[in-house]
Amino acid sequence: DFAKDGIYYVIDGTSAYVTYKDTNYNSYSGTVIIPSTVTNNGTTYNVIQINPSAFKDCANLKRVVLPPTITYLMNYAFQNCTGLTNITLPADLIGCYNYVFGGCTNLKSIICLSPTAYNWNNNNFPSSVLSGATLIVPQGTKAAYQSVGGCLSAFTDIKETDCDFAEDAIFYKDLEDNKVAVTHALRFAEDYSGNIEIPEVVVHNSTSYNVTEVGNEAFYYGHELYSVKLPPTISAIDTYAFYDCFNLTQV
């Protein structure tokens, strides 16, 4: 129905769904940051769904940030996105339908922020990803994810995150006094890629935090990380923060 900032949408009432440009697919590349709301012709819509085949065949897609408003990923939404090495699934995601990440054979880290484990179809991830990638889940939820059934229980390697919270697929450690450090979802996990811009202030659960540090090993093993823009509030970069980020060209 309309496009804005390089993202294509269809309208359903007060909601907008992310879709493809046309049936040639391959509509996106690089880093795509999807907003929680989008305004078109004076009307604001909540972005709640990734439509069927929206990112299909986007082999050059390196990073996609899903907003917290996303509740459904429809059939084949990211099929054959072979450039994706990680994906962060928002906390309120309820439905992940068929073959959502079919053909995404280079996924190494899947970060699920939901405290509730859902029984999604086994066909949502390639078998090589289920056996070779790491599923990273909230603290205290590993047993639930292991027992829920479906594709989430099918991962061979399920680990709990060691960050305190995440916003816009950036992970943070609480430093107290309303300050946070950028960190990783899990040590040695390739949980960052593409182009990343760190905010000066991050809001989590209605509390604002100043982003003041890049933590120890924050971007460690970010093999597909290309650029990181740091805010002026950063006063310290800890050891090994960018270790082995061999494709990083700009900080």
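Heads up, the sequence shown is in the working numbering, so the first residue is 614 and it goes up one at a time.
Every residue gets a Cβ at the ideal spot worked out from N, C-alpha and C, and that includes glycine.
Since this is a predicted model, take the numbers as computed values, not measurements.
Rounded C-beta distance between residue i and residue j? I'm assuming under 8 Å.
{"i": "ASN699", "j": "GLU830", "result": "The pair is not a contact, with the Cβ atoms about 16 Å apart (cut-off 8 Å)."}
{"i": "VAL815", "j": "GLU780", "result": "5 Å"}
{"i": "CYS694", "j": "CYS709", "result": "CYS694 to CYS709, Cβ: 15 Å. No contact."}
{"i": "TYR658", "j": "ALA690", "result": "That belief does not hold up - the Cβ atoms of TYR658 and ALA690 are roughly 19 Å apart, past 8 Å."}
DSSP on residue i, reduced to helix/strand/coil?
{"i": "ASN737", "result": "helix"}
{"i": "GLY696", "result": "coil"}
{"i": "VAL864", "result": "coil"}
{"i": "CYS725", "result": "strand"}
{"i": "SER821", "result": "strand"}
{"i": "TYR638", "result": "coil"}
{"i": "SER760", "result": "helix"}
{"i": "SER628", "result": "strand"}
State the Cα-Cα distance for the pair residue i and residue j, rounded to the nearest angstrom.
{"i": "PRO703", "j": "ARG676", "result": "14 Å"}
{"i": "SER649", "j": "PHE668", "result": "18 Å"}
{"i": "THR825", "j": "PHE615", "result": "38 Å"}
{"i": "VAL742", "j": "LEU748", "result": "10 Å"}
{"i": "GLY608", "j": "ASP857", "result": "No answer is possible for residue 608: it lies beyond the span of the chain, which begins at 614 and ends at 864."}
{"i": "GLY626", "j": "CYS764", "result": "32 Å"}
{"i": "THR656", "j": "ILE624", "result": "11 Å"}
{"i": "GLY807", "j": "GLY716", "result": "19 Å"}
Classify residue i: buried if its beta carbon has 16 or more other beta carbons within 10 angstroms, exposed otherwise.
{"i": "GLN752", "result": "exposed"}
{"i": "ALA794", "result": "buried"}
{"i": "GLN692", "result": "buried"}
{"i": "PHE738", "result": "buried"}
inquiry  = Under 8 Å: do the segment 831-843 and the segment 786-804 share three or more Cβ pairs, one atom per stretch?
reply    = Taking 8 Å as the limit for Cβ pairs, the verdict is that the segment 786-804 does touch the segment 831-843.
query = Pairing CB atoms from the segment 763-775 with CB atoms from the segment 805-813, are three or more of them under 8 Å?
reply = Remark: fewer than three beta-carbon pairs, one from each stretch, lie closer than 8 Å, so the segment 763-775 and the segment 805-813 are not flagged as touching.
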